[in-house]
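Quick note on the numbering used here: the sequence shown kicks off at 14 and runs consecutively.
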Amino acid sequence: MTPPRSIALLAGSRTNGNRELLQLLGSLLQTAGVSVCEYDRSVDCSADMLLCLGGDGTMLAAATRAARQGMVLGGINTGHLGFLSVCGRREVEQLVAALVAGEYAVEERAMLQATQSGLEDCYPHPLLALNEVCLMRAQTGKMIDVDVELNGCLLNRYHADGVLVATPTGSTAYSLSAGGPLLWPTAGVMSLTPICPHSLTSRPVVVPDTMEITLRPRARRGRVEESIIYSVDGRSAHVINVNDTLTIKRADVGLKLLALPGNDYAARLRAKLGW
């Protein structure tokens with residue numbers, strides 16, 4: 014790969030450890046001749062690459078803009094699980110050496126695009142998710158009814174706490190906790206998982222990512238007062254009304270995720286899941 018000429022840096026939190034690591038990373042990159050800037054969420058960034066210090070949440074917060082701007086996104090895990098990260102804080106020097114030598118890879122990760130009926134003109138860009146889009150109840154103790162359609166054909170009406178649509182990347186996140194399947198990151202599929210369904214036969218379904226999934230909340234037992242929301246990567250919540258539709262499909266843009274040689278996905282599964 015071509016060594017990056019410019020790299021933007023983002024720290025999820027400004028703890029003493031992260032500040033020191035940010036300074037060390039910036040110093041190493043500048044010494045190697047790489048232009049360094051601090052990532053600003055309020056303006057467009059022209060850097061070739063964005064390196065995030067933090068956990069998966071920090072990377073998810075930056076994923077949409079990185080995808081739209083064509084930047085390679087890399088993570089240095091200073092959080093907990095760090096499934097998306099390329100390395101930990103102790104491997105920063107090796108990471109810089111690999112970047113300068115061009116000894117890194119870029120993985121193309123699919124993203125989801127979510128559109129709510131009636132709001133198509135309210136957002137300048139469609140809502141994008143790297144992990145999942147989740148339709149769920151807003152009130153504790155309440156269940157919802159959701160019709161799920163695939164390319165306009167009814168699949169099922171789920172009576173559950175919610176319904177979750179995940180990318181292969183997101184199959185190790187909320188989807189996994191909800192009982193969804195593990196998917197290989199490059200598989201051209203999406204998973205659809207009911208959350209705590211009121212039926213033992215309601216199981217996760219894996220569909221091609223060429224399909225369009227429509228979620229349609231329905232009135233439950235004649236009651237329409239329940240508040241229903243949907244979240245995008247767990248970062249933002251949006252209210253949706255009964256009989257409105259939420260259309261989910263593979264986005265036109267994908268994320269370029271930084272990877273290092275030898276960091277294969279099977280090894281990552283073993284390390285992160287304790288296999």
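Ideal Cβ placement from N, Cα and C applies to all residues, glycine included. Here the structure is a predicted model, which means the values were calculated and not measured.
Item to check | Distance, SER212 Cα to PRO16 Cα | outcome: 53 Å
Checklist entry - DSSP state of VAL218, grouped into three classes? => result strand
Checklist entry - SER190 lies in the alpha helix (DSSP H); which residues open and close that run? => result 187-190
Next on the checklist: Mapping the DSSP letters down to three states, classify ASP246 as helix, strand or coil.
Outcome noted: coil
Next on the checklist: On the criterion of 16 or more Cβ atoms from any shown chain inside 10 Å, does SER48 qualify as buried, or is it exposed?
Outcome noted: exposed
Checklist entry - With respect to the beta strand (DSSP E) encompassing THR128, which residues constitute its N-terminal and C-terminal limits? => result 125-129
Next on the checklist: Spatial neighbours of SER98 within its chain, please: C-beta separation below 7 Å, excluding the five flanking residues on both sides.
Outcome noted: GLY88, ILE89, ASN90
Item to check | Backbone secondary structure at ASP53 - three-state DSSP | outcome: coil
Checklist entry - If GLU145 and SER188 are in contact, beta carbons under 8 Å, what's the gap, nearest whole angstrom? => result 6 Å
Next on the checklist: Can you tell me whether SER240 is helix, strand or coil according to DSSP?
Outcome noted: coil
Checklist entry - Looking at the unbroken alpha helix (DSSP H) that takes in LYS285, where does it start and where does it end? => result 278-286
Checklist entry - Would you call LEU228 buried or exposed, if buried means 16 or more other Cβ atoms sit within 10 Å of its Cβ? => result buried
Item to check | Own chain residues within Cβ distance below 7 Å of PRO221, not counting five before or after | outcome: GLY201, VAL202
Checklist entry - In three-state DSSP terms, what is MET72? => result helix
Checklist entry - Applying the criterion that 16 or more other CB atoms from any shown protein chain within 10 Å of the CB defines a buried residue, is LEU271 buried or exposed? => result buried
Checklist entry - If you draw a straight line from the alpha carbon of TYR171 to that of VAL161, how long is it in whole angstroms? => result 8 Å
Checklist entry - Does DSSP put GLU225 in a helix, a strand or coil? => result coil
Next on the checklist: So, under 8 Å CB-CB, VAL159 and LEU148 are touching, yes? Tell me the CB distance rounded to an integer number of Å.
Outcome noted: 6 Å
Item to check | Bridge partners - VAL113, DSSP secondary structure assignment | outcome: According to DSSP, VAL113 bridges with nothing at all.
Checklist entry - ASP57 and SER19 look like a contact to me (Cβ under 8 Å); what is the Cβ gap, rounded to whole Å? => result Actually they do not touch by this definition, with Cβ atoms about 13 Å apart.
Checklist entry - What is the rounded straight-line gap between the Cα of SER130 and the Cα of VAL245? => result 16 Å
Item to check | Which of helix, strand or coil DSSP assigns to THR77 | outcome: helix
Next on the checklist: For a test of the three-state rule: what should DSSP assign to SER184, helix, strand or coil?
Outcome noted: helix
Checklist entry - How close, in whole Å, do the beta carbons of LEU22 and TYR52 come, if the pair is a contact with beta carbons under 8 Å? => result 6 Å
Item to check | Integer-rounded CB distance, given that GLY67 should sit under 8 Å from ALA114 | outcome: With 8 Å as the limit, ALA114 and GLY67 do not qualify as a contact, their Cβ atoms being about 25 Å apart.
Item to check | Distance CB(GLU104)-CB(LEU41) smaller than 8 Å | outcome: no
Checklist entry - Helix, strand or coil for GLY39 per DSSP? => result helix
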